[in-house]
Amino acid sequence: MRALKVVTMVLSVSSLVALAVVVPAWGQGVWTAPPDAKNRQNPAKGFGNVAKAVAVNCAMCHGAGGKGDGPQAAGLPTKPADWTSEAVQKQTDGELFWKISTGRGPMPPWRHLPEKERWEIVNYIRTLKK
Ligand code: HEC
5 MRALKVVTMV
15 LSVSSLVALA
25 VVVPAWGQGV
35 WTAPPDAKNR
45 QNPAKGFGNV
55 AKAVAVNCAM
65 CHGAGGKGDG
75 PQAAGLPTKP
85 ADWTSEAVQK
95 QTDGELFWKI
105 STGRGPMPPW
115 RHLPEKERWE
125 IVNYIRTLKK
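Numbering-wise (this note's numbering), the sequence shown opens with residue 5 and increments by one.
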């Protein structure tokens, strides 16, 4: 019985250690979408009324102009992406759509927004290209 307790303790301590190593690594390194997501075609034309949705849902982190300088940006462990940058603009529509839907680290997943709206957000991000 005592041995079991020790084993359980050692196990829980080592899983804590594993967590401590894994958690800070979230949101770091290159973020790549899976190939099938990358190659998806954007079915939306234009960006409808999404500028408003972006202002409400994204600007606090990504900034009003999408430069990644929203009021909440400074407090985040990972900096919000600068949508005007080459790093973002060189990605395919499918890749941006997947990232917006999936999220990572402090970037929330936006899967609950209608699919068409998420594609339109991608089109909106395109208008911010430097
Ligand atoms: C709470 C802050 C926050 C909000 C709100 C937020 N984002 Fe982000 N976003 C981030 C962070 C932080 C990253 C960088 C994540 C990473 O690299 O791990 C990011 C990354 C991204 C990227 C990926 C760019 C790249 O590096 O490849 C896109 C696209 C994006 N966000 C779009 C959006 C859209 C669209 C919205 C609103 C619907 C939104 N974000 C709302 C914090 C936020």
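All C-beta atoms in this analysis are idealised placements derived from N, C-alpha and C, irrespective of residue type, glycine included.
Relative to the ligand HEC, is the shortest distance from any of its heavy atoms to the C-beta of residue 150 smaller than 7 Å?
For the chain, the structure presents residues 5 to 134; residue 150 sits outside this window and is missing.
When 109, 44, 102 and 97 are compared against residue 128, the one with the closest alpha-carbon
It is 97 whose Cα lies nearest to the Cα of residue 128.
Can you grab the Cα-Cα spacing for the pair residue 61 / residue 83, in whole Å?
Separation of residue 61 and residue 83 (C-alpha to C-alpha, rounded to the nearest whole angstrom) is 16 Å.
So, under 8 Å CB-CB, residue 123 and residue 46 are touching, yes? Tell me the CB distance rounded to an integer number of Å.
Yes, residue 123 and residue 46 are in contact; Cβ-Cβ is about 5 Å, under 8 Å.
Which residue or residues does DSSP assign as beta-bridge partners of residue 111?
DSSP lists 108 as partners of residue 111.
Quick check: does the Cβ of residue 93 come within less than 7 Å of any heavy atom belonging to the ligand HEC?
Short note on residue 93: C-beta not closer than 7 Å to any heavy atom of the ligand HEC.
Tell me whether residue 61, by its Cβ, gets closer than 7 Å to a heavy atom of the ligand HEC.
It does: the Cβ of residue 61 is within 7 Å (strictly closer) of some heavy atom of the ligand HEC.
I need the straight-line Cα distance from residue 116 to residue 65, nearest angstrom please.
Approximately 19 Å, taken between the alpha carbons.
What does the alpha-carbon distance come out to for the pair residue 89 and residue 134?
In a straight line, the C-alpha of residue 89 is about 7 Å away from that of residue 134.
What's the gap between the Cα of residue 107 and the Cα of residue 113?
C-alpha separation (whole angstroms): 4 Å.
Report the rounded CA-to-CA distance for residue 91 versus residue 37, giving the unit in angstroms.
Approximately 14 Å between the Cα atoms of the pair.
How would you call residue 40, buried or exposed, if buried means at least 16 neighbouring beta carbons within 10 angstroms?
Note on residue 40: under 16 other CB atoms within 10 angstroms of its CB, so exposed under the neighbour-count rule.
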